[in-house]
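**Q** First the structure, then my questions, so here it is.
Residue numbers (this note's numbering), protein chains in the order written: chain E, 340 to 814; chain H, 340 to 814.
Right under this line is the structure:
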């Protein structure tokens, strides 16, 4: 479908001058000796931990990154393309809390497994990501092992590696090598990805760089994401935030290319605002939508796949009207802007602190609706259904027309959650609002879950690795 | 802002061939002798009550309608332009029920007055329309008098005349003449509008034509709206519905021009689908959004102002997540499609059976958000805030930066309803979801209401007219 673009050529040029100046004059801080060494060896100006990057050098480096690439699944039918016209959907990532059927509590490993299973059951998700919730009941130092094992055994889709630490990254890569036939095979056919968040403004910390370097060395893609809440991590101005986002992301992409030329990358964006009354982050407002339109336009100009901040973001505490309009007002702009990777597609609540089972169903309805909405419309003579008019004439109805009877099963989108029941019938069926109805829907989906098959020797090898590493990590 | 258009030139040509053929070969039925006489005198083929219209003749007639016009208010500051780049917002129209603070009941004249006052208080609304709810506690035959008096005295914005019957139309026009200085002055400066719904497919009934003829004679604008639920009033196909919508609306516009050349008109659209499972109308799905994108493109090609079906339409029974995502998925496409008149902007619930006070607040938040979202972004050197980066540097924050402090009050959209409160604070403040919070918001707005001044002699004249006519109508 057509992209929605709002920046004039003049505006695009102003933004390009902006990020060039930021890179060249203020530069980016990298808290990592190896990153600094690589930039220095490539002829960039390094002073303490700040790298001032030549903008043309940056453009040369990012030209080495592929404009599209495939992420390979252990079940080849689940592999997918990143970039171009494709959109990849990932469920909510990262929350320490869950909300289930009206109750809010700490997230556990059981929640992690249930959300991961839902990501496997619903074809709408291309991957479960790597961190659908933070499993707070497992030891901090070794929980990445349990999560990687769950991703590899409960799903057969591509997935996200741990980026919590160098240990997490290396363990994730070691397990992937077992599944995908060793380091070389993995590098030739990338199968797991990592998300690298910039410590905006203009800083990459050591922990994130550890992960970026490890995954880039292994040839696995990184989604490099400036995390910008305007007014806090960036100036309180959309153009300024776009400039900063571009400068920060391009600096990370450049580093990935210095580590391993041709490393697949995704230009990340996560651009929203700070509510200046509460001091809290705000989502789903006009600013983030405009940011999405512009981010897509800039990424296409740079020739890189790009990630929208999130599918259905919201500050709302519950899966209510606010959650839905804020969610749709981040998801619909992501479609209009042609985002290639949509993180936090479904389930995100409370500014990212909560993974909500009911919100996941609400958001799936939104994604499905928009996938239909942005499918090109076919207009030909047959679609005008002239014969139906000849049959029905003036003032009749089409419910029984031949044209309708031939296609009533699939002529319109069939909702997952939405109700068109009349009031009396709705009351008879319990009078439940959409959040209340959503509970039964995800519960039924979980019952449909079937674990994808895995060779038992491979499964044993993975489990042994997890047991051994857990012991080595003291848990 | 840029319009979002999805039809290729080929598709546009196919659709034009379609509506030409419908008009010329199947024709439109008009249940009104005067309409048939006018078409016959203009050289069109009339057989029984069906008029077959020459498509080129239709295009000549519609070329007489203005591409933009002004609707004049008794308070000149409230006058507005219809057409071009302007968008006019009208609250929900027509429901027989209301939902207030969780309770659903019959709508009364008190509700009518309260919704009308809310339409006056909120600058977001350009007009209260004519029928914010159906006042079921007033006698059927004379309630139009009470409603017109309320619109003229409780608001000073342009408004909608009654279209329920010829009597309703003539009484509305008589009252408008008192306020606006007589029939000639009213015709020179249109001040009230009417909505004419087609009895789709391909039929105008006598009651609607009575109103159309009366208002067109008086030079007042008509919004001529095919009411199409695909699968029931039109074939189950978006292109077929677009063709039918265009043919039906253009036939009505042509009649208005035959009655009085140059009569201002608005090309109406109200295009959604029938849920083939429940048989009930469905709103906010992908089909209606695609219909909006296309309807705007077709209306611009024809050079006429156009109306989107509705702002925030939904089938939901309560102001929940479904109500919000369906509502936004009709409102945002209306913005993308550049709708000139948005009926049912706020308050619509339950497929149009309910006017909901809380939903009105939810929808106002949506409209305000989108108005910001579709305001062109200014990108210049100053907007890049380079100085703020020089001040903050690497890894700092912008909360205390001079750039932020200078603009924190109005740099971002300030929500009416949405909460960014953290969980603990939200719980302390009652833990209310957005629908629950909305109650206090509309109640406070109603307390801010002030009746606009009116000359006491004029007010007495209007009241006398109403009393006399009510008696004549036997109520």
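Cβ coordinates follow ideal geometry from the N, Cα and C atoms, glycine included.
None of these values were measured; they are calculated from a predicted model.
CA-CA distance, residue 529(E) and residue 490(E)?
**A** Residue mapping note: residue 529(E) aligns to position 190 of the first chain, counting from 1. Residue mapping note: residue 490(E) aligns to position 151 of the first chain, counting from 1. Near 16 Å, if we compare the C-alpha coordinates of residue 490(E) and residue 529(E).
**Q** Which stretch, first to last residue, makes up the alpha helix (DSSP H) that contains residue 397(H)?
**A** Locating residue 397(H) in the second chain gives position 58, counting from the first residue. Start and end: 394 to 401.
**Q** What residue range is occupied by the uninterrupted alpha helix (DSSP H) comprising residue 349(H)?
**A** For the purposes of this step, residue 349(H) is taken as the residue at position 10 of the second chain. Per DSSP, residue 349(H) belongs to the alpha helix (DSSP H) from 348 to 360.
**Q** With distances taken between CB atoms, is the gap from residue 566(E) to residue 632(E) smaller than 8 Å?
**A** The residue labelled residue 566(E) in the question sits at position 227 within the first chain. The residue labelled residue 632(E) in the question sits at position 293 within the first chain. Result no, Cβ atoms of residue 566(E) and residue 632(E) do not sit closer than 8 Å.
**Q** Quick one, are the C-beta atoms of residue 562(H) and residue 607(H) less than 8 Å apart?
**A** Locating residue 562(H) in the second chain gives position 223, where the first residue counts as 1. Locating residue 607(H) in the second chain gives position 268, where the first residue counts as 1. Contact: yes.
**Q** Buried or exposed for residue 654(E), going by 16 or more other Cβ atoms inside 10 Å?
**A** In the first chain, counting from the first residue as 1, residue 654(E) sits at position 315. Per the 10 Å Cβ criterion, buried.
**Q** For my contact list, residue 742(H) and residue 732(H) are in at a C-beta cut-off of 8 Å; report their separation, rounded to the angstrom.
**A** For the purposes of this step, residue 742(H) is taken as the residue at position 403 of the second chain. For the purposes of this step, residue 732(H) is taken as the residue at position 393 of the second chain. The pair is not a contact, with the Cβ atoms about 14 Å apart (cut-off 8 Å).
**Q** Taking CB distances under 8 Å as the criterion, tell me whether residue 638(E) reaches chain H.
**A** To locate residue 638(E), count along the first chain from 1; it is residue 299. Cβ-Cβ to chain H under 8 Å: no for residue 638(E).
**Q** Leaving out five residues on either side along the sequence, give the residues of the same chain with a beta carbon under 6 Å from the beta carbon of residue 647(E).
**A** Residue mapping note: residue 647(E) aligns to position 308 of the first chain, counting from 1. For residue 647(E), where only same-chain residues beyond five positions count, the Cβ hits under 6 Å are 631, 673, 678, 681.
**Q** Would you decide whether residue 772(E) is buried or exposed? Buried here means 16 or more other CB atoms lie within 10 Å of its CB.
**A** The sequence position of residue 772(E) within the first chain is 433, counting from 1. That one is buried.
**Q** Could you give the first and the last residue of the continuous alpha helix (DSSP H) run that contains residue 516(E)?
**A** Position 177 of the first chain, counting from 1, holds the residue named residue 516(E). Counting along the chain, the alpha helix (DSSP H) containing residue 516(E) begins and ends at 505 to 519.
**Q** So, are the CB atoms of residue 782(E) and residue 346(E) less than 8 Å apart?
**A** As a working mapping, residue 782(E) is identified with position 443 in the first chain. As a working mapping, residue 346(E) is identified with position 7 in the first chain. Cβ distance not < 8 Å, so residue 782(E) and residue 346(E) don't count as in contact.
**Q** Are residue 560(H) and residue 603(H) closer than 8 Å when you measure CB to CB?
**A** In the second chain, counting from the first residue as 1, residue 560(H) sits at position 221. In the second chain, counting from the first residue as 1, residue 603(H) sits at position 264. It is a contact, given that the beta carbons lie within the stated cut-off.
**Q** Looking only at its own chain, which residues have a Cβ that is under 6 Å from the Cβ of residue 605(H), when we skip the five neighbours before and after it?
**A** Taking the first residue of the second chain as 1, we reach residue 605(H) at position 266. 562, 644, 646, 680, listed in sequence order.
**Q** Using a Cβ-Cβ cutoff of less than 8 Å, which residues in the same chain neighbour residue 342(H) once the five nearest sequence positions on both sides are dropped?
**A** By 1-based counting over the second chain, the position of residue 342(H) is 3. If we look at residue 342(H) and ignore the five residues flanking it on each side, its Cβ neighbours are 635, 636, 639, 675, 676, 677.
**Q** Sort 758(E), 756(E), 569(E), 736(E) by Cα distance to residue 724(H) and report the nearest one.
**A** The residue you call residue 724(H) lines up with position 385 of the second chain. Comparing Cα positions, the closest option is 569(E).
**Q** Can you tell me whether residue 795(E) is buried or exposed, with buried defined as 16 or more other CB within 10 angstroms of its CB?
**A** Start at 1 with the first residue of the first chain, and residue 795(E) comes out as number 456. Answer is exposed; the Cβ neighbour count stays below 16.
**Q** Assuming residue 665(H) contacts residue 691(H) under a Cβ cut-off of 8 Å, what Cβ separation, rounded to an integer in Å, is found between them?
**A** Along the second chain, one-based indexing puts residue 665(H) at 326. Along the second chain, one-based indexing puts residue 691(H) at 352. With 8 Å as the limit, residue 665(H) and residue 691(H) do not qualify as a contact, their Cβ atoms being about 12 Å apart.
**Q** Whole angstroms are fine: how far does the CA of residue 444(E) sit from the CA of residue 492(E)?
**A** The residue you call residue 492(E) lines up with position 153 of the first chain. The residue you call residue 444(E) lines up with position 105 of the first chain. Taking the straight line joining both Cα atoms gives about 26 Å.
**Q** Nearest chain E C-beta to residue 788(H) closer than 8 Å, yes or no?
**A** In the second chain, the residue the question calls residue 788(H) occupies position 449. Output row for residue 788(H): interface = no.
**Q** Among 587(H), 658(H), 814(H), which has the Cα closest to the Cα of residue 728(E)?
**A** By one-based count along the first chain, residue 728(E) stands at place 389. Answer by Cα proximity: 587(H).
**Q** Would you list, in sequence order, the uninterrupted alpha helix (DSSP H) runs of no fewer than 4 residues that lie entirely inside the stretch 678 to 708 of chain H?
**A** With a minimum length of 4 residues, no continuous alpha helix (DSSP H) run stays inside the stretch 678 to 708 of chain H.
**Q** Here's the rule: buried if 16 or more other CB atoms are within 10 angstroms of the residue's CB, otherwise exposed. What is residue 767(H)?
**A** Along the second chain, read from residue 1 onward, the residue named residue 767(H) stands at position 428. By the 10 Å Cβ count, residue 767(H) comes out exposed.
**Q** Among 581(E), 702(E), 748(E), which has the Cα closest to the Cα of residue 614(H)?
**A** For the purposes of this step, residue 614(H) is taken as the residue at position 275 of the second chain. Cα-wise, what sits closest to residue 614(H) is 748(E).
**Q** Between residue 767(E) and chain H, is there a C-beta pair that is closer than 8 Å?
**A** Working through the first chain from its first residue, we reach residue 767(E) at position 428. Not closer than 8 Å to any Cβ of chain H, the Cβ of residue 767(E) fails to qualify, so no.
**Q** Does any C-beta atom of chain H lie closer than 8 Å to the C-beta of residue 689(E)?
**A** In the first chain, the residue the question calls residue 689(E) occupies position 350. True, the Cβ-Cβ gap to chain H drops below 8 Å.
**Q** Please find out if some non-hydrogen atom of the ligand NAD comes closer than 7 Å to the beta-carbon of residue 765(H).
**A** In the structure shown, the ligand NAD is absent, as is every other ligand, since no ligand is present at all.
**Q** What residue from 745(H), 462(H), 424(H), 712(H) has the CA that sits closest to residue 407(H)'s CA?
**A** Residue numbering aside, residue 407(H) sits at position 68 when the second chain is read from its first letter. Selected option, being the one with the closest Cα: 424(H).
**Q** Residue 678(H) versus chain E: which residues are under 9 Å apart at the beta carbon?
**A** Looking up residue 678(H) in the second chain gives position 339. Ordered by position in chain E, no residue passes the 9 Å Cβ test against residue 678(H), which lies about 16 Å from the chain.
**Q** Count the C-beta pairs between the stretch 493 to 502 of chain E and the stretch 409 to 416 of chain E that are closer than 8 Å, then say yes if the count reaches three, no if not.
**A** Output reads yes: the stretch 409 to 416 of chain E touches the stretch 493 to 502 of chain E.
**Q** For residue 671(E), which of 695(E), 704(E), 659(E) has the nearest alpha-carbon?
**A** Taking the first chain and counting its residues from 1, the one referred to as residue 671(E) is at position 332. With distances taken between Cα atoms, residue 671(E) lies closest to 704(E).
**Q** Around the C-beta of residue 546(E), are 16 or more other C-beta atoms found within 10 angstroms, so that it is buried, or is it exposed?
**A** Taking the first residue of the first chain as 1, we reach residue 546(E) at position 207. Flag for residue 546(E) reads buried.
**Q** Return helix, strand or coil for residue 420(H), following the three-state DSSP convention.
**A** In the second chain, counting from the first residue as 1, residue 420(H) sits at position 81. Here residue 420(H) sits in strand by DSSP.
**Q** Listed in chain order, which residues of the stretch 733 to 747 of chain H have Cβ atoms closer than 8 Å to some Cβ of chain E?
**A** Listed by position, the residues of the stretch 733 to 747 of chain H near chain E (Cβ gap below 8 Å) are 733, 734, 735, 736, 737, 738, 740, 742, 743, 746, 747.
**Q** List the residues of chain H that residue 813(E) touches, going by C-beta distances under 7 Å, in chain order.
**A** For this step, residue 813(E) is matched to residue 474 along the first chain. In chain order: nothing, as chain H lies at least about 31 Å away.
**Q** Please say whether residue 702(H) and residue 650(H) have beta carbons closer to each other than 8 Å?
**A** What you label residue 650(H) is simply residue 311 of the second chain in a count that begins at 1. What you label residue 702(H) is simply residue 363 of the second chain in a count that begins at 1. Yes. Within cutoff.
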